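The opening residue of the sequence shown carries number 116 in our numbering; numbering runs sequentially from there.
Yeah, the Cβ is synthetic: ideal placement off N, Cα and C, and Gly gets one too.
None of these values were measured; they are calculated from a predicted model.
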Amino acid sequence: MKKGIWAAALWMAAMIGLSGCGAKANNAEENFASLQIEELEEEKVTDISEILPEAEIRQMILEKESESPKGWREAYQTFIDDWKQIEKYGDFSYLEMYFGKEHYNFDKYFLCDVDGNGTPELFLYSTYMGLTAVFTYTDVPVFLLYNDICGINFETDEVVIHGHWHGAGGSWENEWSAYCISEDTAEYTMYIDFMDLSEYDEGIRYTVYDAETEEYIDSQDGTEYDAFYTAHVKPCIWAEDYLLYDFYDESGFDHIQ
């Protein structure tokens, strides 16, 4: 009888010991797996060449390059074929909101190398809106600005605007501003205005924008106004002198104005 009890006790002790070893083994396996995961997370692959074959990478590059226009002609042609493509390169949402969806459109164009760097700028004109959107090309099309452009000054590489096309502003009649085109930028460089406020007992007021300080200066002396007008506005070739082409007429690409 006693032998049976001792045998049973020994059997239970053995089972407990084995279950303890199993628990330790399981814990060890779990700890090892956790360490492996941590090591993998620390060794995140950032170089695509480590996960893709060279041939596959080369194919991806070729496909990407094939999607990009090869030169300004191909880039501008895309806009002429479907002018809505310009929205990939600039924000025109305000025009659609301001004029309405049915009147927001561009329908004519011309090319002009404003800064004389050998790459012409594309001027997209809207007959209804009376506005012009200007693009240039580097490795991709670059949107420069849209406005009511009245002329181009080749001496200062500027597009010149008369008045303001919406909202409150200056006199409009004597109000001029300009943006200098240089490579892929359009920099705001000039603003002048003149208002006769004598009937309001405020006399005559000239406003000139100082590009260096980026400040607007008011005075009763028109010397600076006249100097800016002579340098920036007078030499302009007016927009009405440029030949506008319909989008279906591709001959405009051979006539850089």
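Note the first and the last residue of the continuous alpha helix (DSSP H) segment covering residue i.
| i | result |
| --- | --- |
| M212 | S208 to F214 |
| F343 | T338 to F343 |
| T193 | W187 to D196 |
For residue i, which residues in the same chain have their Cβ closer than 6 Å to its Cβ, ignoring the five residues on either side in sequence?
| i | result |
| --- | --- |
| W198 | F221 |
| Q200 | T193 and F194 |
| Y306 | S292 and Y324 |
| L239 | F221, Y224 and A248 |
| H370 | none |
| D333 | R320 and T322 |
Quick one: does the C-beta of residue i sit closer than 6 Å to a heavy atom of the ligand GTP?
| i | result |
| --- | --- |
| Y340 | The ligand content of the structure shown is nil, which means the ligand GTP is not present either. |
How far does the beta strand (DSSP E) with residue i in it extend, from its first residue to its last?
| i | result |
| --- | --- |
| Y306 | T300 to L312 |
| Y294 | W291 to S297 |
| L259 | P256 to N262 |
| F373 | Here the chain comprises residues numbered 116 to 372, so residue 373 is not present and cannot be evaluated. |
| V274 | E273 to H277 |
| G318 | G318 to D325 |
| F250 | T247 to Y252 |
| D333 | E330 to S334 |
| F238 | E236 to Y240 |
Enumerate in chain order the residues of its own chain whose CB-to-CB distance from residue i is below 8 Å, with the five nearest sequence positions on each side excluded.
| i | result |
| --- | --- |
| K118 | Any reading at K118 needs caution, since the residue's pLDDT is 42, under 50, leaving its predicted position unreliable; the model's value is listed next. So the list is empty, once near-sequence residues are dropped. |
| E180 | Any reading at E180 is ruled out, since the residue's pLDDT is 46, under 50, leaving its predicted position unreliable. |
| H281 | Y213 |
| F368 | R188, Y191, Q192 and L226 |
| L210 | Y219, M244, L246 and Y261 |
| N232 | E298 |
| E288 | G278 |
Give me the residue from the options with the minimum Cα distance to residue i.
| i | options | result |
| --- | --- | --- |
| R320 | E327, M305 and T338 | T338 |
| A346 | V257, Y204 and I267 | I267 |
| H218 | V275, Y315, S241 and I371 | S241 |
| T304 | D263, E327 and Y209 | E327 |
| P350 | D206, G282, D272 and W287 | D272 |
| T300 | L358, G318 and F250 | F250 |
| D336 | G318, G215 and E236 | G318 |
| D364 | D196, E202 and E290 | D196 |
| F362 | L210, L226, K216 and G215 | L226 |
| I352 | G215, D341 and D228 | D228 |
| E329 | D341, Y340 and E302 | E302 |
| V255 | A283, K185 and E236 | K185 |
| Y344 | E290, G284 and L237 | E290 |
Excluding the 5 residues flanking residue i on each side, which residues of the same chain have their C-beta closer than 7 Å to its C-beta?
| i | result |
| --- | --- |
| Y252 | W187, A190 and T234 |
| A354 | I264, C265 and G266 |
| S286 | D308, F309 and M310 |
| S208 | none |
| G284 | E290 |
| Y340 | I307, F309, Y321 and V323 |
| G137 | For G137, the predicted structure reports a pLDDT of 43, less than 50, and the residue's modelled location is therefore unreliable. A value from the coordinates is still provided. Answer for G137: no residue qualifies. |
Output yes or no for whether 7 Å exceeds the beta carbon distance between residue i and residue j.
| i | j | result |
| --- | --- | --- |
| I276 | D230 | no |
| Y204 | F269 | no |
| W261 | V274 | Before going on, a small fix: residue 261 reads as Tyr here, not Trp. Contact: no. |
| Q372 | Y360 | no |
| Y331 | T322 | yes |
Cβ contact (3+ pairs, closer than 8 Å) linking the stretch 238-248 and the stretch 300-312: Using a Cβ-Cβ distance cut-off of 8 Å, the stretch 238-248 and the stretch 300-312 are not in contact, since fewer than three pairs of beta carbons, one from each stretch, lie closer than that value.
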